[in-house]
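Those protein sequence lines, which keep their order, are chains A and B.
In terms of the numbering used here, the first sequence has 97 at position 97, counting the first letter as 1, and numbering is strictly consecutive.
In terms of the numbering used here, the second sequence has 164 at position 164, counting the first letter as 1, and numbering is strictly consecutive.
Every residue, glycine too, gets a C-beta built ideally from N, C-alpha and C.
What follows is a short report on a single structure.
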Amino acid sequence: MADVFAYIEHNQGVADDSALELLTAAKKIFPDAAVTAIVMGSGGDLDTVCNEMAASYNAVWKVDNAAFSFPDAEAARKALLNILPGDCVLLLSHAHLGMDLSPGLSIKMDSAYISDIVDVEGLEGSTLKVIRQEFTGQVSTHVHADISNGAVINVRPGVFQPDESKAGGGEIVDKSGDIGDVSVKRKYLETVQAEAGEVDITKSEVLVSVGRGIEEEDNIEMVFDLAEAMGADVSCSRPIVDAKWLEKARQVGTSGQTVKPKVYLALGISGSFQHLGGLKGNPFVVAVNKNPKAPIFQVADVGIEADILEFVPELTEKIKELG
Amino acid sequence: MEILVCVKRVPDTAENEIEINSEGNDIERDDLVYSVNEWDNYAVEEAIQIVDKVGGSVTVVTVGDDESEEVLRREMAMGAENGLLLSDDAFEASDGKGIATILAGAVKKGNYDLILTGAQADDGAAEVGGMLAAIMDYPYASLVNTIEVQDGKLKIGREVEGGNQDMYEIEMPCVLSIQTGINEPRYVGIRGIRKVASVEIPKQGASDLGLDPSSVGEAGKKVNRVDYFVPEMGEGAEMLEGSTEEIIEKLIDYLKAKGGLK
Ligand SMILES: Cc1cc2nc3c(=O)[nH]c(=O)nc-3n(C[C@H](O)[C@H](O)[C@H](O)COP(=O)(O)OP(=O)(O)OC[C@H]3O[C@@H](n4cnc5c(N)ncnc54)[C@H](O)[C@@H]3O)c2cc1C
């Protein structure tokens, strides 16, 4: 059986939510495997994360190097190549770091790369059977991968339950001396924080959120009218920000804001995982979409199949009549 | 600066609902409207803007069949000078690594300082750019949302969690995958497309690129999409039915109960 590893993302001494989700995914592929957590970083915070992971994982490989005081995928790839056994299976979170790191790593290791898996069907010989999605979640696919020479697997954040069993009790092994040369041709300079906007949607109790279904910039106004009538704030999906129709600070999602309203009204939003990744705290979700098969209806509490361009003004009228 | 932009022809999800065919093994492809992958338009626009500033030329490349020529022409109408179609029976059914291998063949034949891809395409794998960089041994950055040309180097921003931006200096030649929102892709009208309608687009196959056919296509793949399907739906949302008035009435009751009206 292949050696199985999980790459642990962490920030200021706290492991990312994905850390224990990867363990669940790994055990779903290899029910009896000992799974090793790889924790790369620099300084005191690193030990905190290693100790936390040792409770859950069967072993922890710690890599302490100034090059990883910031999570740099280019340097991490070189280090991983030097410490990982050739035919291993490595799991990462399909987020901004994993997207940067994994595809190239699979090439260098000559192993299969399986991106953004949402479920595992099982292993048959050296064929790993998983489920992915395409077209922003509109359809699913069965994917079979030949992992005889190992695999790099990116796991969609938030779909596997975190493994809270704390059944690891693993030893922490310091691999810092084995990583070799990690100099790279891409130099990290700084992180620029996202700008604050005119409203702070992370504090809003009620959000009226608009997506690409609004079709034109001029139509955005009707969303503000509805929000005003409801006493809500306006947020949006990414394409609305890309089109410069609303400011970035109103974007909900993994590359935008994380919101936790009581009520979330999604208008013409398909329900991509990057969008839903920003919606926390189990709000009451209402979705209005003209496509009855839109993935958003799978997560909404209440759904309405309608054209928002007609539905929104009527709803606004009725709410105004309530006074 | 010589820039290569890798583009893909994909079903346009704004124009079609993607559905499974009657055999349940593929999406329904009759009457599908195709277009250029959304991310790729941003990549081509960025390349054109860089060349406008510092000189050089933009080449757009795709792996596909003759129908893929239309997306090359569209991007050439935006302002890319050259098109390149990589086409061969041996390329069919390639996985991401296969596509990256084919593109690397074209990169090796050229003399590019900068290679751009979209951050991802219709399959959401976000893999080809990073694989191409690794095959070429070039530095790589994904999800790039600013590029500034400096002395023989680029200063770039990567979009990360929360809309923050990690800034890097990166040496060339390099591969960057471009995130939406980096610019505002120009509009292409019918007239623009007509202008480039008769421009010759060279076509290259495995032997032109010096590729071993067994390293690409069906023969070279490790990752195989077996079929498309629609998963068993969970319970999902309670769909409100009735006339618009009745629906609005029910919705308002819900909103009141859940604190959605103030
Ligand atoms: C690294 C990365 C990070 C990302 N981060 C984010 C993020 O933070 N936030 C985010 O939102 N996205 C993010 N995305 C993009 C994400 O993958 C989706 O592309 C995006 O969420 C889609 O937005 P949408 O639902 O508005 O548009 P679409 O997916 O195009 O959906 C539009 C919906 O509107 C419906 N519709 C169309 N017309 C009407 C009408 N008249 N009436 C009713 N319904 C209508 C359609 O049926 C469809 O369901 C990210 C992507 C990547 C690669």
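Residue i Cβ short of 6 Å to ligand 1 heavy atom set
i, result
"I29 of chain A", "no"
"I107 of chain A", "no"
"Q193 of chain A", "no"
"H144 of chain A", "no"
"H275 of chain A", "yes"
"D151 of chain B", "no"
"L309 of chain A", "yes"
"S237 of chain A", "yes"
"A121 of chain B", "no"
"T146 of chain B", "no"
"K175 of chain A", "no"
"T316 of chain A", "no"
"T136 of chain A", "yes"
"S270 of chain A", "yes"
"S93 of chain A", "no"
"K290 of chain A", "yes"
"R250 of chain A", "no"
"A266 of chain A", "no"
"T254 of chain A", "yes"
"A294 of chain A", "yes"
"R194 of chain B", "no"
"G158 of chain A", "no"
"R212 of chain A", "yes"
Interface residues of chain B facing residue i [CB-CB closer than 7 Å]
i, result
"G104 of chain A", "G130, M131, A133, A134 and Y140"
"A227 of chain A", "Near A227 of chain A there are no residues of chain B at all, since even the closest Cβ is about 11 Å away, more than 7 Å."
"A287 of chain A", "A237"
Contact check, residue i vs residue j, beta carbons under 7 Å
i, j, result
"L86 of chain B", "A141 of chain B", "no"
"T308 of chain A", "R250 of chain A", "For clarity, residue 308 of chain A is Ile in the given sequence; the question names Thr instead. Their beta carbons are not under 7 Å apart, which means I308 of chain A does not touch R250 of chain A by this criterion."
"V152 of chain A", "L80 of chain A", "no"
"V184 of chain A", "A73 of chain A", "no"
"Q161 of chain A", "T254 of chain A", "no"
"I170 of chain B", "R186 of chain A", "yes"
"A43 of chain B", "I156 of chain B", "no"
"I38 of chain A", "F5 of chain A", "yes"
"G234 of chain B", "Q298 of chain A", "yes"
"D188 of chain B", "A77 of chain B", "Looking at the sequence provided, one finds Val at residue 188 of chain B rather than Asp. Cβ atoms of V188 of chain B and A77 of chain B: closer than 7 Å."
"A90 of chain B", "G217 of chain B", "yes"
"N21 of chain B", "E28 of chain B", "yes"
"T101 of chain B", "S215 of chain B", "yes"
"G118 of chain B", "W39 of chain B", "yes"
Residue i: contacting residues in chain A (beta-carbon distance under 8 Å)
i, result
"E169 of chain B", "R186, K187 and L189"
"G234 of chain B", "Q298"
"F229 of chain B", "V139, S140, T141 and H142"
"I20 of chain B", "V139"
Within chain B, the residues that residue i reaches when beta carbons sit closer than 9 Å
i, result
"E314 of chain A", "T244, E245 and I248"
"A194 of chain A", "G162, G163, N164 and Q165"
"T36 of chain A", "None at all; the shortest Cβ gap to chain B is about 23 Å."
"E121 of chain A", "What E121 of chain A touches in chain B: nothing, since even the nearest Cβ is about 10 Å away."
"N291 of chain A", "E17"
"F311 of chain A", "T244, I247 and I248"
"K244 of chain A", "G181 and E184"
Chain-ordered neighbours of residue i on chain A, where CB pairs are closer than 7 Å
i, result
"E127 of chain B", "P103, Y113 and S115"
"D122 of chain B", "E134 and F135"
"K222 of chain B", "A112, A145 and D146"
"K258 of chain B", "K262, V263 and F284"
"I147 of chain B", "The premise fails here: I147 of chain B is roughly 13 Å from chain A at the closest Cβ pair, so nothing lies under 7 Å."
Contacts that residue i makes with chain A (C-beta to C-beta distance below 9 Å)
i, result
"K97 of chain B", "P103, S106, I107, A112 and Y113"
"T13 of chain B", "F135, T136, Q138 and S270"
"I252 of chain B", "L315, K318, I319 and L322"
"R225 of chain B", "R132, E134, T141, H142, V143 and H144"
Under 8 Å from the C-beta of residue i: neighbouring residues of chain B
i, result
"G231 of chain A", "L261 and K262"
"V159 of chain A", "Result: empty, since nearest Cβ-Cβ is about 12 Å, beyond 8 Å."
key: Segment contact, 8 Å Cβ cut-off, at least three pairs: the segment 179-192 of chain B with the segment 55-73 of chain B   = no
Cβ contact check for the segment 39-56 of chain B and the segment 108-124 of chain B: 3 or more pairs under 8 Å = yes
ask   = Can you give, in chain order, each stretch of the alpha helix (DSSP H) that sits fully within the segment 180-205 of chain A and has at least 4 residues?
value = none
request  = Determine contact between the segment 269-277 of chain A and the segment 205-220 of chain A, defined as no fewer than three beta-carbon pairs at a distance below 8 Å.
outcome  = yes
key: Three CB pairs or more closer than 8 Å across the segment 160-175 of chain A and the segment 44-59 of chain A   = yes
query = Per the contact definition of three or more C-beta pairs closer than 8 Å, is the segment 136-155 of chain A in contact with the segment 106-116 of chain A?
reply = yes
Start-end ranges of the beta strand (DSSP E) lying completely within the segment 67-119 of chain A, minimum 3 residues = 89-93 and 112-117
ask   = Along the chain, which unbroken stretches of the beta strand (DSSP E) at least 3 residues long are found entirely within the segment 49-128 of chain B?
value = 57-63, 82-86 and 114-118
ask   = Counting pairs of Cβ atoms below 8 Å between the segment 232-239 of chain A and the segment 256-267 of chain A, do you hit three or more?
value = yes
key: Meets three-Cβ-pair contact criterion under 8 Å: the segment 129-147 of chain B and the segment 98-107 of chain A   = yes
ask   = Could you give the uninterrupted runs of the alpha helix (DSSP H) lying entirely in the segment 152-210 of chain B, keeping only those of 4 residues or more?
value = 190-195
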